[in-house]
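The structure appears below as structure tokens.
There are 4 protein chains.
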Amino acid sequence: MPISECRIRRRIAFHEVDSAGIVHFSWFYRYMEEAESALWRAAGLRIAPSRELAYPRVAATFEFKKPLRFEDEADVTIEVARIGRTSIGYRCVITLNGDVAALGSMTIVCVAGPPGAARPTAVPDFIKERLTVVS
Amino acid sequence: MPISECRIRRRIAFHEVDSAGIVHFSWFYRYMEEAESALWRAAGLRIAPSRELAYPRVAATFEFKKPLRFEDEADVTIEVARIGRTSIGYRCVITLNGDVAALGSMTIVCVAGPPGAARPTAVPDFIKERLTVVS
Amino acid sequence: MPISECRIRRRIAFHEVDSAGIVHFSWFYRYMEEAESALWRAAGLRIAPSRELAYPRVAATFEFKKPLRFEDEADVTIEVARIGRTSIGYRCVITLNGDVAALGSMTIVCVAGPPGAARPTAVPDFIKERLTVVS
Amino acid sequence: MPISECRIRRRIAFHEVDSAGIVHFSWFYRYMEEAESALWRAAGLRIAPSRELAYPRVAATFEFKKPLRFEDEADVTIEVARIGRTSIGYRCVITLNGDVAALGSMTIVCVAGPPGAARPTAVPDFIKERLTVVS
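Protein chains in written order, with my numbering: chain A, 1 to 135; chain B, 1 to 135; chain C, 1 to 135; chain D, 1 to 135.
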């Protein structure tokens, strides 16, 4: 059965907090990617690049609604929003105690070929058998 | 004379490159912020939070066009795209040898008040005297 | 009852891995600090700087024995090795499936006073009641 | 003519500063590595792993003397302290306006062979022709 979403709980580390006392915005993109890695693991897949395939990010966005602070335990939920011919689109919501802290999106593309000359390639069947768009 | 844009040259460090051999996408948001800091410095301003004012990010986006690699020297250009009542919007382009590597945007808001209870406040005049929308 | 040590399990994130396919060495210092934060939480303490007290690091070392890779689940154990008049020393061992990946140490100092003019101060009793040197 | 040392000037970025308003200690190890990359570049070498050789870190230490803050311009000097059969040792000093902020050391080892089964190998002659121990 393919899956569509995954949620991880993520405790905020001291080194992720900036001098305003809140998580530096660059970290939200990493939290989103950590949830994506967990989604792929839960689906029996592995997001790491191999000799045959890699999944570079082609776009990523976040809107920041409420700050996260040291030792907060945030919930990071990612869901598959689209599967195109060569790309996969995600939506992400990060909450703290049920309140939305941030809303994100990310698009990745499947590429094949040697580093430096990789080209987009169709999303392989073994991925489409395990990940599906959220209904 | 207010200014509208700033360009920095940024050499890619080893620790910014991921296992696919390219700069991890989370770094582009930091490069954009480094260019913003340089823009504010060039304007005689300081982006760091003070007791009175802070400038949290409320949105940031990037589209990734071409990868950056270890020791590349990228050019990061940021420009002021909008100044609203309480917010400032930027556009950012990152190039390598003239080729576009990534296109970004970021919106910040001016807030005043104690940490945890800061509220949006009008962009102060001392900022509007030094930063202006690109023409 | 004061405590002396804490262990956390830490899954390696994609963005922590460098182009050699192994965790970048700078991350081990952050893993050690994450274990320290967990130790203090378990002791009912908070390592974050407050208006009165802060705990800057004055030394940190690591020897790296075996690499960690993406999705590995490492165990990070920290223990209190010394409590001096104004400082606390830790030892840290990071293992993967029981094999030692890295051996670390860290010394922090208690400081009081305004930012920029903080001075070492005696380790407060409320800390010594909750943290004790490993026997 | 082989060289022994290199100095870079490094401006502190906002995202490198923690909630105590000072550079997070994990960054000093990265500054040291950035200076090492510059040293190798100046020597006509490249520290990045290749198919044949890689240079994992086997130890790194820092003592922290004075904090660095946002927008400070620190000088990071690295020098070759030892060249062993398979390893290279560095010393590093980081200063701000001539005052020592931190003292570091790092040891790397040359390894050859496939990822996961790389073994220490003698420091190649092409490196020893370009890097030499400081006198």
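The C-beta atom is built at its ideal place from N, Cα and C for all residues, glycine as well.
These figures come from a predicted structure and were not determined experimentally.
Under 6 angstroms: does the beta carbon of I127/A sit that close to some heavy atom of the ligand MG? Of the ligands one can find in the structure shown there are none, so the ligand MG has no counterpart to examine.
Report the option in E63/A, F14/A, G21/A whose CA atom is closest to the CA atom of A118/B. Nearest of E63/A, F14/A, G21/A to A118/B, Cα basis: G21/A.
Alpha carbon to alpha carbon, what distance is there between E73/C and M32/C? Rounded to whole angstroms, M32/C to E73/C spans 15 angstroms at the Cα level.
Since A48/B meets chain A, which of its residues come closer than 7 angstroms, beta carbon to beta carbon? Within 7 angstroms Cβ-Cβ: S19.
Beta bridge counterpart(s) of C6/C as assigned by DSSP: As DSSP reads the structure, C6/C sits in a beta bridge with I78/C.
Measure from the alpha carbon of P124/A to the alpha carbon of each residue in E71/A, L53/A, C92/A, P49/A, then state which is nearest. Ranking E71/A, L53/A, C92/A, P49/A by Cα distance to P124/A puts L53/A first.
Hey, how far is the Cα of F28/A from the Cα of I94/A? Each residue's alpha carbon lies about 8 angstroms from the other.
Quick check on the burial criterion: 16 or more other C-beta atoms within 10 angstroms. Buried or exposed for S19/B? Counting C-beta atoms within 10 angstroms of its own C-beta, S19/B has 16 or more neighbours from the protein chains shown and is therefore classed as buried.
First through last residue of the beta strand (DSSP E) which encompasses E63/C: Segment 57-64, the beta strand (DSSP E) holding E63/C.
Please report the Cβ distance between A60/D and S105/D, rounded to the nearest whole angstrom; I am assuming they are in contact, meaning their Cβ atoms lie under 8 angstroms. About 7 angstroms; that satisfies the 8 angstroms criterion.
Name, going along the chain, the residues of the stretch 72-105 of chain B whose beta-carbon falls closer than 8 angstroms to a beta-carbon of chain A. Within the stretch 72-105 of chain B, no residue has a Cβ lying closer than 8 angstroms to any Cβ of chain A.
Check whether the stretch 4-11 of chain D and the stretch 70-88 of chain D are in contact - that is, three or more C-beta pairs closer than 8 angstroms. Contact holds: three or more Cβ-Cβ distances are below 8 angstroms.
Buried or exposed, going by whether 16 or more other CB atoms sit within 10 Å of the CB of V100/B? Exposed, because fewer than 16 other Cβ atoms sit within 10 Å of the Cβ of V100/B.
For A42/D, the three-state DSSP class (helix, strand or coil): Of the three classes helix, strand and coil, the one that applies to A42/D here is helix, per DSSP.
If you draw a straight line from the C-alpha of L131/A to the C-alpha of A122/A, how long is it? Their Cα atoms are separated by approximately 14 angstroms.
I need the straight-line Cα distance from T107/B to F62/A, nearest angstrom please. So the alpha carbons of these two residues sit roughly 11 angstroms apart.
F64/A at chain B interface by Cβ criterion, 7 angstroms: For F64/A, the answer is yes, since a Cβ of chain B falls inside 7 angstroms of its Cβ.
Using the rule of at least 16 other Cβ atoms within 10 Å of the residue's Cβ for burial, across every protein chain shown, is E129/C buried or exposed? The residue is exposed, with fewer than 16 neighbouring Cβ atoms inside 10 Å.
Option nearest L92/A by Cα separation, candidates V76/A, G98/A, T86/A: Checking the sequence, you will find Cys at residue 92/A rather than Leu. The candidate whose alpha carbon is nearest that of C92/A is V76/A.
Measuring straight from C-alpha to C-alpha, what distance separates P115/A and Y55/A? Computed Cα separation, rounded: 12 angstroms.
Take L39/D and list the residues in its own chain whose beta-carbon comes closer than 6 angstroms to its own, dropping the five residues that flank it on each side. Hits under 6 angstroms: C6, I78.
Give every residue of the same chain whose Cβ lies closer than 6 angstroms to the Cβ of G98/D, excluding the five residues on either side of it in the sequence, and list them in chain order. Same-chain partners within the cutoff: there are none.
Please tell me whether H24/C has its Cβ less than 7 angstroms away from any Cβ of chain A. By the rule that beta-carbons nearer than 7 angstroms mark a contact, H24/C does not touch chain A.
Determine, using beta carbons only, whether A102/C and F126/C come nearer to each other than 7 angstroms. Cβ distance not < 7 angstroms, so A102/C and F126/C don't count as in contact.
In the DSSP assignment, find the unbroken beta strand (DSSP E) run with I94/A in it and report its ends. Counting along the chain, the beta strand (DSSP E) containing I94/A begins and ends at 87-96.
Using a Cβ cut-off of 7 angstroms (strictly closer), state whether A13/C contacts chain A. Yes, its Cβ sits closer than 7 angstroms to a Cβ of chain A.
Using 10 angstroms around the beta-carbon of V111/C, count the other beta-carbons present and answer buried if the total reaches 16, otherwise exposed. Under this definition V111/C is a buried residue.
Are the C-beta atoms of R9/A and some chain B residue less than 7 angstroms apart? For R9/A, no CB of chain B lies under 7 angstroms from its own CB, so it is not counted at the interface with that chain.
Please name the residue, chosen from S87/C, P120/C, L96/C, G113/C, that lies closest to V133/C on a Cα-to-Cα basis. Minimum Cα distance to V133/C is reached at S87/C.
Beta-carbon of R143/B versus every beta-carbon of chain D: anything under 7 angstroms? Because chain B in this structure spans residues 1 to 135, residue 143/B falls outside the shown range and cannot be described.
C-alpha gap between R85/B and V109/B, whole angstroms: The straight-line gap from Cα to Cα measures roughly 9 angstroms.
Can you look up M32/C in the DSSP assignment and give me helix, strand or coil? Helix.
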